[in-house]
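Undergrad: Numbering (the numbering used here), first residue to last: 8 to 426.
Glycine is no exception: its CB is placed at the ideal position from the N, C-alpha and C atoms.
(1) If you count every other CB in all the chains shown that lies within 10 Å of the CB of residue 361, and 16 or more means buried, which is it?
(2) If contacts are defined as beta-carbon pairs under 8 Å, then residue 160 and residue 240 qualify, I think. What distance do you get, rounded to the angstrom?
(3) Give every residue of the same chain whose Cβ lies closer than 6 Å to the Cβ of residue 87, excluding the five residues on either side of it in the sequence, and list them in chain order.
(4) Give the single residue among 193, 300, 179 whose Cα lies nearest to the Cα of residue 169.
(5) DSSP on residue 378, reduced to helix/strand/coil?
(6) So residue 273 is in the beta strand (DSSP E); what residue range does that whole segment cover?
(7) Going by beta carbon distance, what residues of the same chain come within less than 8 Å of residue 101, once the five residues before and after it are set aside?
(8) Look at the alpha carbon of residue 356 and the alpha carbon of residue 345, and state the distance between them as a whole number of angstroms.
(9) By how many angstroms is the C-alpha of residue 150 removed from the C-alpha of residue 226?
(10) If you drop the 5 nearest sequence neighbours on each side, which residues of the same chain put their C-beta closer than 6 Å to that of residue 308?
(11) With distance defined between alpha-carbon atoms, name the residue in 412, 421, 423, 418 nearest to residue 104.
(12) With three or more C-beta pairs closer than 8 Å as the rule, is the segment 377-388 touching the segment 295-302?
(13) Please report the straight-line C-alpha distance between residue 49 and residue 258, rounded to a whole angstrom.
(14) Is it buried or exposed, residue 328, if we count other Cβ atoms within 10 angstroms and call 16 or more buried?
(15) Using the three-state DSSP reduction, which class does residue 413 fall into: helix, strand or coil?
(16) Residues in its own chain within less than 8 Å of residue 115 by CB, not counting five upstream and five downstream?
(17) Going by beta-carbon coordinates alone, are residue 368 and residue 224 separated by less than 8 Å?
(18) In terms of residues, what are the limits of the beta strand (DSSP E) holding residue 242?
(19) Between the alpha carbons of residue 181 and residue 359, how many angstroms are there, rounded?
(20) So for residue 57, helix, strand or coil by DSSP?
(21) Please report the straight-line C-alpha distance between residue 16 and residue 71, rounded to a whole angstrom.
(22) Quick one: what's got a C-beta closer than 7 Å to residue 9's C-beta in the same chain, skipping five residues either side?
(23) May I ask you to report which of helix, strand or coil DSSP gives residue 132?
(24) DSSP puts residue 324 in a beta bridge; with which residues?
(25) Cutting at 6 Å between CB atoms, please list the residues of its own chain near residue 279, excluding the five before and the five after it.
(26) With a CB to CB cut of under 6 Å and the five nearest residues on each side skipped, what residues in its chain are close to residue 281?
(27) Out of 22, 376, 58, which has the shortest C-alpha to C-alpha gap to residue 276?
(28) Would you give the residue range spanned by the beta strand (DSSP E) that residue 188 belongs to?
(29) Output the distance between the C-alpha atoms of residue 273 and residue 165, rounded to the nearest integer angstrom.
(30) DSSP has residue 198 in a bridge; who is on the other side?
(31) Just reading off the beta strand (DSSP E) that residue 418 is part of, what are its end residues?
(32) Where residue 28 and residue 211 are concerned, what is the direct C-alpha to C-alpha distance, given to the nearest angstrom?
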């Protein structure tokens, strides 16, 4: 239900002040859903970026019997990895910059830290056994995308080889659940808010060191800001504690594609930015050319299926996250942004492209929307199991860019599910 969803205006303070939609009742999460690596974080209006930066984020892992029967690595061999870039003052405290000559005295366009942290540790290492591990990878950074690969290295993390000489990442899950089958990858492009559920088999690399490194431009894909290369190091130096009896099965979870013919409508939703004419500094981002405070325009009916087509008119890749639902990526198609912004006409500039390998198929809740491209997703707006509501009720959720500085500067919109 929306009152347990962390609505941005449901904030409260230690001295008793509250937002206009705050309710004092406890949150309730039925957890009646398929296994998935989820996460939670602060969502307070206008200061989301700062509160998450300060540490208000964590994993929320759902397990089920079907996943348990797959015999994936578990227990001590099932490890969540939260990636966040951070900057530090000389005394070790967190440093978050303010804008100099910006369009607002404190708001910066994006934040890119000088150090990558994993689970709160700067550039860490992990000693592992020569066996299979499951890693639940989350990009919880404010704005940084990661282009990750694993390469042989020395014990200090200096690379000595190429990704093909390291074990592959076997992706077994995406944002909202398991894939139908494992997908071998040698690199990952992870946007803020996305999760990659991976199995890595170190059995052929006893005594070796393997570094996870990043070379994604920042901002992605244009570049111009600091690239933090070192992420973490695996040292395959521990002795086997026992025989590895875990599995990486060829079939993981049943998957039923949503049928576009069942969609009751397709919504075209613009992603745009207002730039300062003098130097191109981003003054504000917008979704569907509307402010947060504008009336709700997305009103899917409960139980209905819709296609949402995100039309990215900017030069950035924006990770778009929709609350409540999980969705499937249908395709991406280049279009003419200028024509769309001028008269809301979609003029395609090429043929549709299939989803990326790790989206084909997958249950997602956050999707990369590329510049000059319409990204289509399909979702069924089911309510949580057991929801008790009165017909005609409007249940309010949000959708937004998951680059936190963008989200806090108008790239977030409410939407209503109509019962």
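TA: In short:
(1) Here the question's residue 361 lines up with position 354 in the chain shown. So residue 361 counts as exposed.
(2) Taking the first residue of the chain shown as position 1, residue 160 is located at position 153. Taking the first residue of the chain shown as position 1, residue 240 is located at position 233. 7 Å between Cβ atoms; contact.
(3) The sequence position of residue 87 within the chain shown is 80, counting from 1. So the qualifying residues of the chain are 66, 143.
(4) Taking the first residue of the chain shown as position 1, residue 169 is located at position 162. The residue with the shortest Cα to Cα distance from residue 169 is 193.
(5) Numbered from its first residue, the chain shown carries residue 378 at position 371. Here residue 378 sits in coil by DSSP.
(6) What you label residue 273 is simply residue 266 of the chain shown in a count that begins at 1. Looking at the DSSP string, the run of the beta strand (DSSP E) that includes residue 273 is 272-282.
(7) In the chain shown, counting from the first residue as 1, residue 101 sits at position 94. So the qualifying residues of the chain are 60, 61, 93, 94, 95.
(8) Stepping through the chain shown from its first residue, residue 356 is reached at position 349. Stepping through the chain shown from its first residue, residue 345 is reached at position 338. Near 12 Å, if we compare the C-alpha coordinates of residue 345 and residue 356.
(9) Here residue 226 refers to the residue found at position 219 when the chain shown is read from its first residue. Here residue 150 refers to the residue found at position 143 when the chain shown is read from its first residue. Approximately 8 Å, taken between the alpha carbons.
(10) As a working mapping, residue 308 is identified with position 301 in the chain shown. Hits under 6 Å: 425.
(11) Stepping through the chain shown from its first residue, residue 104 is reached at position 97. Residue 412 is the option with its Cα nearest to residue 104.
(12) no
(13) Locating residue 49 in the chain shown gives position 42, where the first residue counts as 1. Locating residue 258 in the chain shown gives position 251, where the first residue counts as 1. Cα to Cα, the separation comes out at about 36 Å.
(14) Mapped onto the chain shown, residue 328 falls at position 321. With 16 or more Cβ atoms within 10 Å of its Cβ, residue 328 is classed as buried.
(15) Position 406 of the chain shown, counted from the first residue, corresponds to residue 413. If DSSP states are grouped into helix, strand and coil, residue 413 belongs with the helices.
(16) As a first step, residue 115 must be located in the chain shown, where it is residue number 108. Only 104, 105, 106, 109, 412 meet the Cβ criterion.
(17) Looking up residue 368 in the chain shown gives position 361. Looking up residue 224 in the chain shown gives position 217. Their beta carbons are not under 8 Å apart, which means residue 368 does not touch residue 224 by this criterion.
(18) Translated into positions along the chain shown, residue 242 becomes position 235. Taken as a continuous stretch (DSSP letters only), the beta strand (DSSP E) holding residue 242 covers 237-242.
(19) By one-based count along the chain shown, residue 181 stands at place 174. By one-based count along the chain shown, residue 359 stands at place 352. Computed Cα separation, rounded: 23 Å.
(20) Residue 57 sits at position 50 when you count from the first residue of the chain shown. Correct three-state label for residue 57: helix.
(21) The count along the chain shown starts at 1 and reaches residue 16 at position 9. The count along the chain shown starts at 1 and reaches residue 71 at position 64. Answer to the nearest angstrom: the Cα atoms are 33 Å apart.
(22) By one-based count along the chain shown, residue 9 stands at place 2. Excluding positions up to five away in sequence, the list reads 402, 403, 404.
(23) Position 125 of the chain shown, counted from the start, is the residue given in the question as residue 132. Reduced to three states, the DSSP call for residue 132 is strand.
(24) Counted from its first residue, the chain shown places residue 324 at position 317. Residue 324 pairs with nothing; no bridge assigned.
(25) Looking up residue 279 in the chain shown gives position 272. So the qualifying residues of the chain are 293, 320.
(26) Stepping through the chain shown from its first residue, residue 281 is reached at position 274. 290, 291, listed in sequence order.
(27) To locate residue 276, count along the chain shown from 1; it is residue 269. Ranking the options by Cα distance to residue 276, first place goes to 376.
(28) Locating residue 188 in the chain shown gives position 181, where the first residue counts as 1. Looking at the DSSP string, the run of the beta strand (DSSP E) that includes residue 188 is 184-192.
(29) Stepping through the chain shown from its first residue, residue 273 is reached at position 266. Stepping through the chain shown from its first residue, residue 165 is reached at position 158. Rounded to whole angstroms, residue 273 to residue 165 spans 49 Å at the Cα level.
(30) Working through the chain shown from its first residue, we reach residue 198 at position 191. In the DSSP output, where bridge partners are listed per residue, residue 198 has none listed.
(31) Taking the chain shown and counting its residues from 1, one reaches residue 418 at position 411. That residue, residue 418, is in no beta strand (DSSP E); it is neither H nor E in DSSP.
(32) Here residue 28 refers to the residue found at position 21 when the chain shown is read from its first residue. Here residue 211 refers to the residue found at position 204 when the chain shown is read from its first residue. Looking at the two C-alpha atoms, the distance is approximately 55 Å.
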